[in-house]
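> First, the structure itself, so that you have it in front of you.
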Amino acid sequence: MSVQTEKALAASLKKLLTKKTLEKITVKDITDDCGVNRQTFYYHFHDVYDLVEWILTEELEELTGEIDAENWPERMRRIMDRMMEDKSFVMNTYYSLTRRQLDQFLQKFIHPLIEAQLDRAKSGDAVLPEDKKFLADMATYALVGIMTEWIASGMKPEDSKVFGKVVYLLDGILDFVVDKFASPAGSY
Amino acid sequence: MSIVGNEIKRLGLMSMYEFLDKDPEENLPKLVDWLDSYIHPDVLKVQRQLFREIIEKKDSNWYQLLVSLWSDIDDDVRKTLFENLIINANALAAETAEKSRRKYDCNIPWVILITLDKEHGLDFDAWDDVIEQAKSLGTFAFVFQGHNLLANKEEMIALCNKHADCEFMVCTTGRYLDDDYARQILRVKNLIVALNVTGTDADRALDRPTEILRRFKLPYAALIQYDRGNQERFATGSFFDCLIEHGVKMAFFLSSMPVEGDHVWEKIQEFRKTKPIMSINFCKDRELIGGCVAGGRYFCAIDAKGNLQPCFFVHDSDSNVCTDTLLHGLQSPVFQRYHVDGEPECLAIK
Chain A
28 MSVQTEKALA ASLKKLLTKK TLEKITVKDI TDDCGVNRQT FYYHFHDVYD
78 LVEWILTEEL EELTGEIDAE NWPERMRRIM DRMMEDKSFV MNTYYSLTRR
128 QLDQFLQKFI HPLIEAQLDR AKSGDAVLPE DKKFLADMAT YALVGIMTEW
178 IASGMKPEDS KVFGKVVYLL DGILDFVVDK FASPAGSY
Chain B
45 MSIVGNEIKR LGLMSMYEFL DKDPEENLPK LVDWLDSYIH PDVLKVQRQL
95 FREIIEKKDS NWYQLLVSLW SDIDDDVRKT LFENLIINAN ALAAETAEKS
145 RRKYDCNIPW VILITLDKEH GLDFDAWDDV IEQAKSLGTF AFVFQGHNLL
195 ANKEEMIALC NKHADCEFMV CTTGRYLDDD YARQILRVKN LIVALNVTGT
245 DADRALDRPT EILRRFKLPY AALIQYDRGN QERFATGSFF DCLIEHGVKM
295 AFFLSSMPVE GDHVWEKIQE FRKTKPIMSI NFCKDRELIG GCVAGGRYFC
345 AIDAKGNLQP CFFVHDSDSN VCTDTLLHGL QSPVFQRYHV DGEPECLAIK
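Keeping their order, the protein sequence lines are chains A and B.
In terms of this note's numbering, the first sequence has 38 at position 11, counting the first letter as 1, and numbering is strictly consecutive.
In terms of this note's numbering, the second sequence has 123 at position 79, counting the first letter as 1, and numbering is strictly consecutive.
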């Protein structure tokens with residue numbers, strides 16, 4: 028029952044975001060739209076930003092849940108599509124969070140995905156954990172950087188092709204860099 | 045201090061906490077040195093001195109109690125407790141409260157007792173507004189009381205969740221406490237349960253709530269009200285031992301008896317030297333709690349109907365938070381009696 032309430036509040040926020048910006052939306056606006064009282068909202072969330080974070084977490088978890096070596100380019104595509112469907116929510120989130128907060132949030136999801144890719148590479152086991160983390164950091168920063176720049180410049184559909192290029196690049200390159208760091212370890 | 049200044053102060057204090065959390069036994073003395081240089085010398089002077097004595101005697105009952113805060117309490121709850129109680133309610137709020145005190149020429153309480161009553165009392169929005177007003181004046185600690193409090197879970201958890209920068213305590217028999225309740229407290233992290241203890245066979249009912257609270261690694265306290273008639277139930281070593289066995293780390297004793305003939309108060313002072321439990325007596329612990337706390341000096345109460353009352357034992361009221369602001373209530377004649385230099389005349393002890 029509780030998740031239902033959270034989902035209903037999330038739907039109300041998304042609906043309101045098509046009409047006004049995040050900082051102009053009050054908890055009262057959301058609860059009026061949803062037909063619950065402020066108490067119910069605050070039972071679940073600290074404030075509007077807490078609800079935003081909940082939405083992001085829910086959706087990203089859903090999208091990155093069953094990702095594997097084969098489907099990850101397609102999953103990335105779906106993440107981008109979903110972001111474009113929810114453009115007003117994503118743009119509003121972008122403008123209401125600091126760049127640092129957004130980076131950290133996206134990194135939290137992208138980093139494990141990249142790590143999983145590195146683990147699957149042929150020589151994955153031969154790479155030191157600290158090197159593996161370094162390689163995952165590199166790829167995560169690249170992906171998150173491209174993503175946030177795309178959002179910042181207005182999420183133009185024609186610019187989303189760049190993600191295809193990133194996925195294409197990482198797909199080949201991860202195996203290569205893992206090999207490079209596997210033998211002989213520590214030659215840098 | 046400015047908002048930016050406070051943010052820097054908070055970051056400094058939190059990084060200190062993280063340092064302490066890594067190795068409490070090793071780093072605690074260093075933390076106390078550091079706090080002494082950080083907080084104004086007059087803020088909590090007696091308390092900090094006492095704290096220093098505790099950490100310097102490693103074989104003492106107090107030291108055992110302190111170390112148990114790390115072994116028995118959830119890491120995030122302990123961190124929130126530190127952030128809300130030490131940083132927000134004291135280090136940062138003290139300046140705001142002092143400014144308000146001077147500006148408005150009235151007392152600003154450290155803690156406000158809120159009486160919840162689902163059927164006949166103020167609702168969430170009204171209490172939320174009172175808490176917002178209190179925070180702007182410099183109060184960041186609140187205690188809930190009321191009948192069947194745990195049966196009205198949503199309102200209380202919602203208030204805690206919204207005011208994540210405040211520390212809350214709920215006084216309850218614990219009868220309605222269950223796993224889901226404990227789970228919600230663990231989620232919001234800023235609610236301490238204070239269990240009413242009667243010193244009779246009824247206390248056996250405490251086995252259940254204390255088992256739950258202990259399992260979820262939540263901090264809890266005991267609340268004991270006594271008078272001439274029932275004081276002998278509490279003035280024994282076995283009563284204190286029973287609290288300790290139930291995992292109680294802090295006991296609040298409340299009584300309006302005079303010092304002479306108060307046997308509980310005698311025992312509290314005796315056991316404080318030997319037993320690993322922190323007992324505080326209102327209002328006999330004048331040195332520890334800074335004299336009379338009433339009239340907003342440290343404490344005030346609001347009943348279910350919104351009447352502002354000066355003391356746990358004195359229910360006079362000439363203001364109501366439904367019809368006027370909290371500030372005007374604190375400036376009202378009933379509260380001004382307590383806004384004096386030195387000790388106000390006590391209207392409670394009879």
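Note that beta-carbon positions come from the ideal geometry of N, C-alpha and C, so glycine has one too.
From the DSSP output, in three-state form, read off T367(B) for me.
Here T367(B) sits in coil by DSSP.
> Leaving aside the five residues before and after P184(A) along the sequence, list all residues of the same chain whose C-beta is less than 8 Å from its C-beta, in chain order.
Same-chain partners within the cutoff: M111.
> For N205(B), return the contacting residues in chain E, with the cut-off set at a CB-CB distance below 8 Å.
Any reference to chain E falls outside this structure, whose protein chains are A and B.
> Start and end of the alpha helix (DSSP H) containing V63(A)?
From DSSP, V63(A) is part of no alpha helix (DSSP H); its letter is neither H nor E.
> Which value, in whole angstroms, describes the spacing of the CA atoms of T125(A) and L44(A)?
Whole-angstrom Cα-Cα distance: 19 Å.
> Buried or exposed for C366(B), going by 16 or more other Cβ atoms inside 10 Å?
With fewer than 16 Cβ atoms within 10 Å of its Cβ, C366(B) is classed as exposed.
> Could you please give the first and the last residue of the uninterrupted alpha helix (DSSP H) stretch that includes Q131(A)?
Its alpha helix (DSSP H) spans residues 126 to 147.
> What does Y82(B) pair with, by DSSP beta-bridge criteria?
Bridge partners of Y82(B): none, in fact.
> Determine whether the beta carbon atoms of A163(A) and L145(A) lie at a separation below 7 Å.
Yes, these two residues count as a Cβ contact at 7 Å.
> How about A202(B): is its C-beta nearer than 7 Å to some C-beta of chain A?
Yes, contact with chain A.
> Using CA atoms only, rank isn't needed, just tell me which of P253(B), G165(B), P73(B) is closest to R92(B).
Among P253(B), G165(B), P73(B), the Cα nearest to that of R92(B) is on P73(B).
> I'd like the list of long-range same chain contacts for I201(B), defined as Cβ closer than 7 Å, with 5 residues on each side in sequence excluded.
Excluding residues within five positions, the ones whose Cβ falls inside 7 Å are Q228, V232.
> In the DSSP assignment, find the unbroken alpha helix (DSSP H) run with S115(B) in it and report its ends.
Segment 105 to 116, the alpha helix (DSSP H) holding S115(B).
> Determine the burial state of P388(B): buried for a count of at least 16 other Cβ atoms within 10 Å of its Cβ, exposed for fewer.
The residue in question, P388(B), is buried, as its Cβ has 16 or more Cβ neighbours within 10 Å.
> Report all residues from its chain with a CB closer than 8 Å to the CB of V187(B); omit the five preceding and five following residues, and keep chain order.
The residues are V155, I156, L157, I158, F212, M213, V214, C215, A238.
> How about the segment 346 to 356 of chain B and the segment 370 to 387 of chain B: do they share at least three Cβ pairs that are nearer than 8 Å?
As far as the Cβ criterion goes, the segment 346 to 356 of chain B touches the segment 370 to 387 of chain B, which means the pair count is three or higher.
> For A35(A), does the three-state DSSP call read helix, strand or coil?
The answer is helix: DSSP assigns A35(A) an H, G or I state.
> Any C-beta of chain A sitting closer than 7 Å to the C-beta of A170(B)?
With 7 Å as the cut-off, A170(B) does not count as an interface residue toward chain A.
> Closest to V174(B) by C-alpha separation, out of R122(B), V384(B), F357(B), D347(B), would be which residue?
Measuring from the Cα of V174(B), the nearest candidate turns out to be D347(B).
> Let's see if you can read the secondary structure: which residues bound the beta strand (DSSP E) around L239(B)?
Residues 235 to 240.
> Just to check, is the beta-carbon of T216(B) closer than 6 Å to a non-hydrogen atom of the ligand ZN?
Looking at this structure, you won't find the ligand ZN or any other ligand, since it has none at all.
> Under the DSSP definition of a beta bridge, which residues are partnered with S323(B)?
According to DSSP, which records beta bridges pairwise, S323(B) is partnered with A295(B).
> Terminal residues of the continuous alpha helix (DSSP H) containing V154(A)?
Run containing V154(A): none; DSSP gives neither H nor E here.
> Give a yes or no on whether the C-beta atoms belonging to I106(A) and L129(A) are separated by under 7 Å.
Result no, Cβ atoms of I106(A) and L129(A) do not sit closer than 7 Å.
> DSSP has I346(B) in a bridge; who is on the other side?
Looking at the DSSP assignment, I346(B) forms a beta bridge with I158(B), L352(B).
> From N192(B) to A226(B), what does the alpha carbon distance come to, in whole angstroms?
One C-alpha to the other measures close to 16 Å.
> What in chain B is Cβ-close to Q144(A), meaning under 7 Å?
None at all; the shortest Cβ gap to chain B is about 31 Å.
> Would DSSP call I268(B) helix, strand or coil?
DSSP places I268(B) in strand when its eight states are reduced to three.
> In the DSSP assignment, the alpha helix (DSSP H) including M103(A) goes from what residue to what residue?
Run containing M103(A): 99 to 112, per the alpha helix (DSSP H) assignment.
> Going by DSSP, which residues form a beta bridge with E211(B)?
DSSP output for E211(B) lists A185(B) as bridge partner(s).
> Taking the Cβ atom as the reference point for each residue, do N151(B) and F184(B) lie within a distance shorter than 7 Å?
No. Outside cutoff.
> For A166(A) and V193(A), what's the separation of their Cα atoms in angstroms?
Their Cα atoms are separated by approximately 10 Å.
> Just to confirm my understanding: we take S104(B), look at its own chain, exclude 5 residues before and 5 after, and list those with CB closer than 8 Å. What are they?
Within the same chain, S104(B) has close Cβ partners I98.
> Name the residue from E139(B), F278(B), G339(B) whose alpha carbon lies nearest to the alpha carbon of E244(B).
Checking the sequence shown, residue 244(B) turns out to be Thr, not Glu. Among E139(B), F278(B), G339(B), the Cα nearest to that of T244(B) is on F278(B).
> Look at the Cβ atom of F190(A), then the Cβ atom of M103(A), and state whether they are nearer than 7 Å.
Yes; because the gap between Cβ atoms is below 7 Å, this pair is in contact.
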